[in-house]
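In what follows, a structure is listed as structure tokens, so that the remarks can point back to it.
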Amino acid sequence: MIQDIYPSKLNNNYIDYKMTAEDYVLWFNAEGKAYVRIREERIEFVTGQDVKESAAVYLFSVDNQKYFLLLGEENFRNPEYGYYSTRELRDKCSGKELFAVFSAYHLWKWYTDNRYCGRCADSLEPGKKERSLVCPSCGNVVYPRINPAVIVGVIKGEKLLITRYRKGYAHNALVAGFTEFGETLEETVAREVMEETGVKVKNIRYYKSQPWGMAQDILVGFFCEAEGDGDIRMDENELKYAEWVSREDIVLQPNNLSLTNEMMKMFKESEVMI
């Protein structure tokens with residue numbers, strides 16, 4: 550999956566570093582596209598020596614390499630670099646650099662969406678001691694937003710419930726959805742499967758989780774069983790396809806980055822049983 554970058558390791562501890570010439574710098578335009586270069590399916594970043602101003606905030610490090618986010622105006626131009634969406638990079642690249650872009654995008658989105666205090670409307674400032682935004686007027690503190698969502702592998706005998714979204718990602722997927730307030734993850738599983746496919750489920754069991762910075766999510770994977778006949782009543786507003794598919798007929802996604810694809814692969818290869 551995208552976070553599986555061993556032996557490299559993401560260190561997300563916040564430290565108030567000052568950017569140096571050797572540090573990597575990420576810049577996202579108003580559409581959320583990253584300014585990077587692609588070489589042989591690997592992502593390359595501009596560095597601190599390419600940035601003329603110091604309006605950058607420390608993001609994280611991967612091994613000993615520090616990454617910064619440029620918060621000011623763009624001030625570099627290199628014909629070898631271009632703007633790529635996270636979806637485009639997902640289709641073209643892999644490795645620790647892609648995970649870095651996804652993680653940086655998560656934080657860029659948070660910084661961009663939280664410029665003003667929701668309590669008094671003054672401008673927020675980056676915290677100095679932790680990953681936060683602080684209001685200098687009223688003391689309000691805002692932390693990064695992380696959206697919990699479930700990925701659900703619903704099993705009926707030797708078949709898995711495969712879906713495709715009405716909009717967006719075009720490849721095979723599983724039932725997925727966000728957790729509502731006052732709701733457990735297990736309740737989210739049952740509700741989302743019922744809402745999207747009309748199938749009741751039982752024996753809900755946790756599989757694995759995944760950070761997914763592309764949507765500021767933490768994805769939580771579950772397997773469960775269909776209860777009763779498993780007749781599908783698809784929500785056509787959400788999905789364009791929902792069918793019970795035999796193990797051998799499951800078509801996987803074109804890369805191994807997502808928790809969804811791993812769960813489909815596990816079932817396809819008989820690593821997950823009822």
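For the sequence shown, the tail end lands on 823 under the numbering used here, and the numbers increase by one without skipping. All residues carry an ideal CB built from backbone N, CA and C; glycine is no exception. None of these values were measured; they are calculated from a predicted model.
Are the Cβ atoms of residue i and residue j separated by less than 8 Å?
i    : j    : result
F648 : I587 : no
L656 : I592 : no
L801 : K817 : yes
Q765 : I700 : no
D572 : K615 : yes
V724 : A739 : no
I711 : E774 : no
E787 : E745 : yes
F625 : V606 : no
Between which two residues does the beta strand (DSSP E) harbouring residue i extend?
i    : result
R713 : 708-714
S758 : 750-761
E792 : 788-795
L618 : 614-619
E593 : 591-593
For the alpha helix (DSSP H) that residue i lies in, which residues bound it at each end?
i    : result
N627 : Counting along the chain, N627 falls outside any alpha helix (DSSP H), and DSSP gives it neither H nor E.
V738 : 734-746
L808 : 808-817
Helix, strand or coil for residue i? Go by DSSP, reduced to three states.
i    : result
W576 : coil
D640 : helix
E729 : coil
A764 : helix
G770 : strand
E571 : coil
L801 : coil
L608 : strand
L559 : strand
L682 : strand
E646 : helix
A653 : helix
Y566 : coil
Y718 : coil
Using the DSSP secondary-structure output, state which residues sit across from residue i in a beta bridge.
i    : result
K705 : K708
I724 : Sequence inspection shows Val at residue 724; the Ile mentioned does not correspond to that position. Answer by DSSP bridge pairing, in chain order: V701.
K582 : Answer is none; K582 lacks a bridge partner.
V690 : V683
Could you pull out every residue in the same chain whose Cβ sits closer than 6 Å to the Cβ of residue i, ignoring the five residues on either side in sequence?
i    : result
L652 : The sequence as given places Ser at residue 652; Leu does not occur at that position. Taken in chain order, the residues that qualify are G762.
Quick one: residues in its chain with C-beta nearer than 8 Å to the C-beta of residue i, no 5 flanking neighbours on either side, listed in chain order?
i    : result
S758 : I767, L768, V769, G770, L808
G581 : S634, T635, Y654, W657, K658
Grab me the residues of residue i's own chain with a C-beta within less than 7 Å of its C-beta, minus the 5 sequence neighbours each way, in chain order.
i    : result
P685 : D671, E674
S814 : It is Lys, not Ser, that sits at residue 814 in the sequence shown. So the qualifying residues of the chain are L801.
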